[in-house]
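Comments concern the structure below.
In UniProt numbering, the protein residues as written are 1 to 99.
Quick look at the structure:
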């Protein structure tokens, strides 16, 4: 069982509310889905969350993002959080993109 499965099993009402929030964010109309995924990549890379970056890199690719766009979304975090995003997320994200 992964962490999200545990979350959904242990506190299903909170997980359902979280899922509703995510759905609401997905359905806003100010940014297209590809751009949102690139933003998620940068935000998650800033936090050093490599598994989330990999997930969003694959989603971004499926929505038409280029490898260079995924790369740059991570590299831009240098000015916000230093090397953490690049050191922890760049390689796994590009490996996932290249699959």
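We put the CB at the ideal spot given by N, CA and C, even for glycine.
- Query: DSSP on residue 11, reduced to helix/strand/coil?
  - Reply: Residue 11: coil per DSSP, three-state reduction.
- Item | From 42, 62, 94, 69, residue whose alpha carbon lies closest to that of residue 82 | That would be 42, whose Cα lies nearest to the Cα of residue 82.
- Message: Please list the terminal residues of the continuous alpha helix (DSSP H) segment that includes residue 52.
- Response: Residue 52 -> alpha helix (DSSP H) spans 50-62.
- Message: Just verifying my parser: in three-state terms, what is the DSSP assignment at residue 47?
- Response: Here residue 47 carries a coil assignment [DSSP, helix/strand/coil].
- Spell out a yes or no on whether the region 7-21 and the region 41-59 are touching, meaning 3 or more CB-CB pairs, one atom from each, closer than 8 angstroms. In short, these stretches do not touch, since the Cβ pair count stays below three.
- Helix, strand or coil: which one does DSSP assign to residue 90? Helix at residue 90.
- Task: Give the DSSP-derived three-state secondary structure of residue 66 in the structure shown.
- Result: Shown here, residue 66 sits in coil according to DSSP, grouped into three states, outside any helix or strand.
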